[in-house]
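Input: a single structure, listed below in structure tokens.
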Amino acid sequence: MLKPHSVWLAREPVDMRQGIDALTRFVAEHLPGPWQQGAAVVFCNRAHSRIKVLQWDKHGVWLCGRRLHRGHFTWPRQGDETWLMTAEQFSWLVRGVDWQQVDGLALPQWET
4 MLKPHSVWLA
14 REPVDMRQGI
24 DALTRFVAEH
34 LPGPWQQGAA
44 VVFCNRAHSR
54 IKVLQWDKHG
64 VWLCGRRLHR
74 GHFTWPRQGD
84 ETWLMTAEQF
94 SWLVRGVDWQ
104 QVDGLALPQW
114 ET
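For what it's worth, my numbering labels the leading residue of the sequence shown as 4, then goes sequentially.
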């Protein structure tokens, strides 16, 4: 998977059994603007213990999954259907860190 140039959070939980076609359909119906080339969309389950990342590149689509052994992923609870993240916020999110509370710390200086 390549580093995405834009990362969107799908705020509503999805069924983690869904694959590329169903998740792409969701994105096409709910995400504003041009989302295909180099963009990634992150989905979570209801318990926020699993995420799926759907990413487009010029050759096709990647679908990756991640689950935490303990705890949960921090997820926004109110507002729009999608949320645009920075690359740094995405890095914190996939590590299971509360990315909404971390500000000003360089990611390489933080140890998991």
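Ideal placement from N, C-alpha and C gives every residue a C-beta, glycine not left out.
Would you call residue i buried or exposed, if buried means 16 or more other Cβ atoms sit within 10 Å of its Cβ?
i	result
Lys55	buried
Gly63	exposed
Gln58	buried
Gly99	buried
Comparing the C-beta of residue i with each C-beta of chain D, is any distance below 7 Å?
i	result
Gly41	The structure shown contains no chain D, having only a single protein chain.
Return the Cβ separation of residue i and residue j in integer angstroms, given the expectation that the two are a contact with Cβ distance under 8 Å.
i	j	result
Phe46	Ala25	Rounded, the Cβ-Cβ distance is 10 Å, inconsistent with contact.
Taking just the CA atoms, how far does residue j sit from residue i?
i	j	result
Val30	Val44	8 Å
Ala50	Gly74	10 Å
Trp95	Asp101	7 Å
Lys6	Gly41	8 Å
Leu71	Trp78	14 Å
Asp60	Leu87	18 Å
Ser9	Ala90	7 Å
Pro16	Cys67	16 Å
Considering only DSSP beta bridges, list what residue i is partnered with.
i	result
Phe46	Lys55
Met117	Look at the range of the chain in this structure, 4 to 115, and you will see that residue 117 is not part of it.
Arg66	Residue identity check: residue 66 is Leu in the sequence provided, not Arg. Looking at the DSSP assignment, Leu66 forms a beta bridge with Leu57.
Anyone know if the C-beta pair for residue i and residue j falls short of 7 Å?
i	j	result
Arg53	Met19	yes
Trp65	Leu34	no
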